[in-house]
Structure formats: C-alpha cells, structure tokens
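So the sequence shown is residues 328 to 475, counted in my numbering.
Notes follow once the structure below has been shown.
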Amino acid sequence: MGGPTAVGGTMGRYRVTKKIEFCYGHRLINYEGKCRNLHGHNAVVEVDIDAAELDALGMVIDFGEIKARLAAWIDAHLDHQLLLCERDPLLAPLRAHDQRIFVMAENPTAENIARVIFDAAKGAGLPVAEVRLWETPSSCAGYRCDES
C-alpha cells in the first residue's frame, strides 16, 4: 500500500512501538554495587518494529500481533521470576526452594535482558528493529541489530 517516501533525498521508514510491562527480580554477580543483592524492578519493555512499506490495512503490524507473540513469552519466562546468571551461587539453593528462575548465560543486566527479549521477538517471527528495557523510570538499556 504505502511505499517509502523520499524525505530530503532519503527514503523514509515506518515504525511502531509496543510497550509491555512486567516485574522481575535479579542480582548481579561479581559486582560491588548494591545490585549485587537480590532486588526487583517493575520494568517496561519497548519493542520497535520498522517497515519500509505498510501492509494492505495501512499498518506496519497489528499491535495485537506483537502482544500475542511476545507478551505471552514474557509472561511465561520473565514476569515474576528471578533472572540469574548461570554462574550465580544462589541458583542451586533457590531452585531447591522451587523458585521460578530464568537462567541467563551472562549477568542479568538491563542490557542483557533487552538482548534476551530481542532474541525472543525474533524467534517469534517479529521483524523487531530494537528493544529497550526501562529498569526504572529514568534508566533504560537497549539492543538492536544493525544490519549492513
């Protein structure tokens, strides 16, 4: 339907952003600051999807489609779970107490969580351009894949 338009000699792109909220706990290993302690966040993730052209309905993608594909994954894997590094010594004792834990290869920093969500979105077939994770209202980290 709507193709790219030249703006100042460059081709424009469309973008939609879906916000998804979830709660999680985590801690950082080998870190000297207060985030070495177990603590939690009420996070907001922003998922950007870009397109050069709109579909027949005039959309990049239906927001409900993003929710159906990605929010369900976040609910099942991250929401109200502990996100811990696979090398965290608390992993075994917490598992012994039947805690919900999402194990990550690296420290569960906002940057690494954004990458995990980006990969989940890609795995769900979403043409994701960027993911930003707001760990607090004033602190955000993101991940995008720069295609060359």
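Cβ atoms here follow ideal geometry from the backbone N, Cα and C, with glycine treated the same way.
Taking 8 Å as the cut-off, the Cβ atoms of V374 and L405 do not count as close.
For D375, the uninterrupted beta strand (DSSP E) run begins and ends at 366-378, by DSSP. Setting aside the 5 residues that flank it on each side, A447 is surrounded in the same chain by W400, each with a C-beta closer than 6 Å to its C-beta; the list follows chain order. Comparing C-alpha distances from L355 to each of T436, V443, C472, V343 shows the shortest one belongs to T436. E392 sits in a helix when the DSSP states are folded into three classes. Per DSSP, K346 lies in no alpha helix (DSSP H); the unbroken beta strand (DSSP E) holding it starts and ends at 341-353. Restricting attention to alpha helix (DSSP H) runs no shorter than 4 residues, the stretch 411-442 encloses them at 418-423, ordered along the chain. Non-local beta-carbon contacts of R422 in its own chain, meaning distances under 7 Å to residues more than five positions away in sequence, involve I428 in chain order. Between E462 and H366, the C-beta gap is not smaller than 8 Å, which leaves the two residues out of contact.
Taking C-beta atoms as the reference points, Y351 and Q408 count as a pair closer than 8 Å.
In the DSSP secondary-structure assignment, V387 is not bridged to any residue. Around the beta carbon of C472, fewer than 16 other beta carbons lie within 10 angstroms, which makes this residue exposed. A distance below 7 Å between beta-carbons, with the five flanking residues on each side excluded, links R414 to the following residues of its chain, in chain order: I356. The Cβ atoms of L460 and A432 do not sit closer than 8 Å to each other. With a beta-carbon spacing of about 6 Å, V455 and K449 fall inside the 8 Å limit used to define contacts.
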